[in-house]
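In our numbering, the protein residues as written are 10 to 142. Think of the CB as a built atom: it goes at the ideal place given N, C-alpha and C, for glycine as much as any other residue. As the structure is a computational prediction, the values presented were derived from the model and not from experiment. I have placed the structure first, in the form of structure tokens, so that the comments after it can refer back to it.
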């Protein structure tokens with residue numbers, strides 16, 4: 010019993026019971042020329058997914074393109090086949106299409122390029138089960 014309590018305390022201190030967080034680092038946010046495409050910007054993010062995590066159902070106010078750097082991630086897209094992102098491959102999520110990213114036993118590192126509507130949040134969460142924004 011004492012060993013079990015000590016082990017639980019040690020595991021917690023070492024972070025093994027801490028929730029796994031998805032890291033998103035914005036590398037670039039740059040406005041596009043008004044003459045070319047008004048009210049749009051390019052956003053480039055480096056996203057790191059630990060194993061067994063999900064970035065729940067959401068949509069973006071822009072087109073999203075992925076370059077998969079490491080690991081493996083499943084991009085589940087509403088009404089379309091999933092994308093299985095593996096190193097050296099690319100993916101695309103269309104404008105305002107609901108999707109989620111899920112990792113299984115491997116984590117993943119993804120470079121995300123987005124042509125984004127200015128002054129909008131980077132994503133809009135969506136309750137997939139209740140069809141609510």
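In the three-state reduction of the DSSP assignment, residue 39 falls in the strand class, which pools E and B. The Cβ atoms of residue 77 and residue 124 do not sit closer than 8 Å to each other. Residue 41 is not a Cβ neighbour of residue 52, given a cutoff of 8 Å. Only residues of its own chain outside the window of five on either side were considered, and among them 96, 116, 117 and 118 have a CB closer than 8 Å to the CB of residue 79, listed in chain order. Classified as exposed, residue 99 has fewer than 16 neighbouring CB atoms from the shown chains inside 10 Å of its CB. Cα atoms of residue 71 and residue 86: separation of roughly 15 Å, rounded to the nearest angstrom. Restricting attention to 101, 54, 107 and 126, the CA atom closest to the CA of residue 32 is found in 54.
Counting the other Cβ atoms within 10 Å of the Cβ of residue 113 gives fewer than 16, which makes it exposed. Distance between residue 93 and residue 68, taken at the CA atoms: about 18 Å. Look at residue 54 here: in three-state DSSP terms it is strand. Here residue 39 is exposed, its C-beta having fewer than 16 other C-beta atoms within 10 Å. In the structure shown, residue 45 falls within a coil segment according to DSSP collapsed to helix, strand and coil. Residue 60 has its alpha-carbon roughly 14 Å from the corresponding atom of residue 84.
DSSP, reduced to helix, strand and coil, places residue 31 outside both helices and strands of the structure shown, so it counts as coil.
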